[in-house]
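Engineer: Mapping of the sequence shown onto the working numbering: residues 1 to 428, in sequence order.
A single structure is presented below for examination.
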Amino acid sequence: MKIAIVGLGYVGLPLSIQFARSGVTVLGLDVDAEKVELLNKGRSYIKHVDAAAISEMTKAGLLHASTDFSRIREVDAVIICVPTPLNKNREPDISFVIKTGQVIAPHLAKGTLVVLESTTYPGTTDEDLREVLEEGSRMKAGVDFHLAFSPEREDPANEQSKVKLIPKIVGGYTRACLERAMALYGKAIDTPVAVSSCRVAEATKLLENIFRSVNIALVNELKLVYGAMGIDIWEVIEAAKTKPFGFMPFYPGPGLGGHCIPIDPFYLTWKAREYGRHTRFIELAGEINTAMPEHVVHRVSDALNSQRKALNGSKILLIGLAYKPNVDDERESPSYVLMDLLSERGAQAEYHDPYVPVIKPTREHSHWAGKKSVEWNRATIESFDLVLIATNHSCVNYQELADWAKCIVDTRNAMATVQVVPGKVWKA
Ligand SMILES: NC(=O)c1ccc[n+]([C@@H]2O[C@H](COP(=O)([O-])OP(=O)(O)OC[C@H]3O[C@@H](n4cnc5c(N)ncnc54)[C@H](O)[C@@H]3O)[C@@H](O)[C@H]2O)c1
């Protein structure tokens, strides 16, 4: 069996490796020629994806990448893992999915299975994608080719999170589409889980991400309420965790980050309007979570004030540009918002993140492009008025930080077990 995986990013690359490991020949397709070249050389471009796993599969002839989309005609199935961001008005941008559909449609052979994995609103697969595929291929979905949706459940840098072991939801356009898709995933994934339609599969992924967003907002709000009462939210969560049923821990932070949780819930908000419905939980959670960086900057200001310093003119070092610990992914990271807010108030904001040695040019943060992670040594850390922990990478030496920094604002409870002079650490 030979399949194509379109979009070789955080989702598509690990999935390609997993299929190849299961003996399926994988053709990886991407518009990014650099990724294609690196993959074919057996090299990794994602920190937590092992280069050895790629080179083993490329050498075995089971994994190969290309930018030539006409090669779709060689495969039995196509899996689409392209980005689904929000546009500047915070509305769904499914243009990458549509473009992919347009590019692959003319090359689809009869009987091919097309599966969308990109997170999106219910209806994308059986309406938007189906229409472009049918138009470009002059074939009918469910009759001439198969169509399905199967969301990815990726938890980057979590050692326990292995593509093969994570149950995978699969919804088909027709019963036959579902059967084909279940058989495909059954080759590489231990537990494919069938649902009745593409829409149920799309809605399931959104529920999972909305669940996280709402619960993170809840602990972020409780952090402020309990903080005002002199109660530490982190201690409360640890205590609540001892309950063996009916509770699941979520942790507060400086704001939401990454390609999923800050974005995906708003796909549903947008689609719900078509049905005259409002997604109040999603919007309230969004409001609370996006207010977190402002709260953090207030704490930074209070901490400086206690030392008779103003934000304006202070040198502040932010630790962790990536949105979560131990990854190199800084998309949608609240660290950028923090650096913006600090510099708008006249502070000089620098960052330290071994996983992001330099900020690459992106549309959203072009003004930070080229900025480099500062070196880790006593003289450098001592030269800052305040250090703000935005992400608690485990490679950072927090004891050295406690010894060297003048003042620390900690949004991640990273200093909880570190010996530090009383009054030096401010939780935020
Ligand atoms: N990253 C995660 O942890 C995660 C988890 C679950 C679901 N998802 C979802 O999976 C999808 C992909 O996310 P990702 O994190 O892998 O994104 P990514 O940006 O890491 O990768 C997307 C890849 O698609 C390529 N691409 C863009 N346009 C293309 C086109 N027209 N044709 C072919 N390739 C194209 C890009 O070059 C890139 O390599 C998104 O919908 C996302 O919401 C991501």
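A virtual CB, placed ideally from N, CA and C, is assigned to each residue, including glycine.
Distance, Cα to Cα, Thr391 vs Ile319?
Structural biologist: When only Cα atoms are considered, Thr391 and Ile319 end up about 6 Å apart.
Engineer: Compute the distance between the beta-carbons of Tyr173 and Gly142, then report whether it is under 8 Å.
Structural biologist: yes
Engineer: Note down the Cα distance separating Ala157 from Arg138, rounded to an integer number of angstroms.
Structural biologist: 42 Å
Engineer: Alpha carbon to alpha carbon, what distance is there between His278 and Ser366?
Structural biologist: 34 Å
Engineer: Determine whether the beta carbon atoms of Ile5 and Val26 lie at a separation below 8 Å.
Structural biologist: Cβ distance < 8 Å, so Ile5 and Val26 count as in contact.
Engineer: Taking 7 Å as the cut-off, is the beta-carbon of Lys223 closer than that to any non-hydrogen atom of ligand 1?
Structural biologist: no
Engineer: Go ahead and label His298 buried or exposed: buried means 16 or more other beta carbons lie within 10 angstroms of its beta carbon, across all protein chains shown.
Structural biologist: The C-beta of His298 has fewer than 16 other C-beta atoms within 10 Å across all chains shown, which makes the residue exposed.
Engineer: Count the other CB atoms, across all protein chains shown, that sit within 10 Å of the CB of Pro354; report buried if there are 16 or more and exposed otherwise.
Structural biologist: exposed
Engineer: For Ser197, collect the residues of the same chain with a Cβ closer than 7 Å to its Cβ; drop the 5 residues on either side in sequence, then sort them by chain order.
Structural biologist: Excluding its 5 nearest sequence neighbours in each direction, Ser197 has C-beta neighbours in its own chain below 7 Å: Gly171, listed in chain order.
Engineer: Hey, out of Asn40, Arg43, Phe69, Glu56, whose CA is closest to Val29's CA?
Structural biologist: The amino acid occupying residue 29 in the given sequence is Leu; Val does not appear at that position. Closest by alpha carbon: Phe69.
Engineer: Considering only heavy atoms of ligand 1, does any lie closer than 7 Å to the CB of Val219?
Structural biologist: no
Engineer: How is Ile17 classed by DSSP in three states: helix, strand or coil?
Structural biologist: Ile17: helix per DSSP, three-state reduction.
Engineer: Note down, in chain order, each residue of its chain lying with its Cβ closer than 6 Å to the Cβ of Thr191, except the 5 sequence neighbours on either side.
Structural biologist: Pro167
Engineer: For Asn377, count the other beta carbons within 10 Å of its own beta carbon; 16 or more makes it buried, fewer makes it exposed. Which is it?
Structural biologist: exposed
Engineer: Exposed or buried, which one is Ser213 when buried takes at least 16 other CB atoms within 10 Å?
Structural biologist: buried
Engineer: Just checking, does the stretch 175 to 193 make contact with the stretch 245 to 253 on the three C-beta pairs under 8 Å criterion?
Structural biologist: no
Engineer: Can you tell me the Cα-Cα spacing of Gly227 and Arg412, whole angstroms?
Structural biologist: Each residue's Cα considered, the two are about 14 Å apart.
Engineer: On the three-pair Cβ rule with 8 Å, is the stretch 404 to 420 touching the stretch 270 to 288?
Structural biologist: no
Engineer: Can you give the Cα-Cα distance for Ser333 and Lys110, rounded to whole angstroms?
Structural biologist: 43 Å
Engineer: Starting from Asn353, follow its DSSP beta bridges and name the residues at the other end.
Structural biologist: Note that residue 353 is Asp in the sequence shown here, rather than Asn. Answer is none; Asp353 lacks a bridge partner.
Engineer: What is the DSSP secondary structure of Gly136, counted as helix, strand or coil?
Structural biologist: Of the three classes helix, strand and coil, the one that applies to Gly136 here is helix, per DSSP.
Engineer: Say yes only if the C-beta of Leu82 is nearer than 7 Å to one or more non-hydrogen atoms of ligand 1, and no if none qualify.
Structural biologist: Note that residue 82 is Val in the sequence shown, not Leu. Answer for Val82: yes, Cβ within range of ligand 1.
Engineer: Per DSSP, what are the beta-bridge partners of Val78 in this structure?
Structural biologist: BP columns for Val78 point to Ala4, Val114.
Engineer: Going by other Cβ atoms of all chains shown within 10 Å of its Cβ, with 16 needed for buried, is Arg363 buried or exposed?
Structural biologist: exposed
Engineer: Considering Cα atoms alone, identify which of Val327, Leu116, Cys395, Lys59 is closest to Asp155.
Structural biologist: Measuring C-alpha to C-alpha distances from Asp155 to each of Val327, Leu116, Cys395, Lys59 identifies Val327 as the nearest.
Engineer: Under 7 Å: does the beta carbon of Asp68 sit that close to some heavy atom of ligand 1?
Structural biologist: no
Engineer: Excluding the five sequence neighbours on either side, which residues of its own chain have a C-beta within less than 7 Å of the C-beta of Val396, listed in chain order?
Structural biologist: Cβ contact annotation for Val396 (same chain, cutoff 7 Å, sequence separation greater than five): Ile319, in chain order.
Engineer: Please list, in chain order, all residues of the same chain as Tyr336 whose beta carbon is under 6 Å from its beta carbon, the five residues on each side excluded.
Structural biologist: A distance below 6 Å between beta-carbons, with the five flanking residues on each side excluded, links Tyr336 to the following residues of its chain, in chain order: His365.
Engineer: Could you spell out the range, first to last residue, of the alpha helix (DSSP H) harbouring His298?
Structural biologist: 280 to 305
Engineer: Of the choices Ser22, Lys241, Ile216, Asp340, whose alpha-carbon is the least far from that of Glu56?
Structural biologist: Ser22
Engineer: For Ala20, tell me which candidate among Leu147, Gly61, Leu38 has the shortest Cα-Cα distance.
Structural biologist: Ala20 has its Cα closest to that of Gly61, out of Leu147, Gly61, Leu38.
Engineer: Go ahead and label Tyr351 buried or exposed: buried means 16 or more other beta carbons lie within 10 angstroms of its beta carbon, across all protein chains shown.
Structural biologist: buried
Engineer: Out of Asp32, Lys187, Thr119, which has the shortest C-alpha to C-alpha gap to Val200?
Structural biologist: Thr119
Engineer: I'd like to know whether the C-beta atoms of Ser150 and Glu117 end up nearer to each other than 8 Å.
Structural biologist: yes
Engineer: Give the straight-line distance between the Cα atoms of His146 and His107, rounded to the nearest whole angstrom.
Structural biologist: His146 and His107: Cα-Cα distance of roughly 14 Å.
Engineer: I need the boundaries of the beta strand (DSSP E) containing Ile231, first residue and last residue.
Structural biologist: Note, Ile231: premise wrong, no beta strand (DSSP E); not H, not E.
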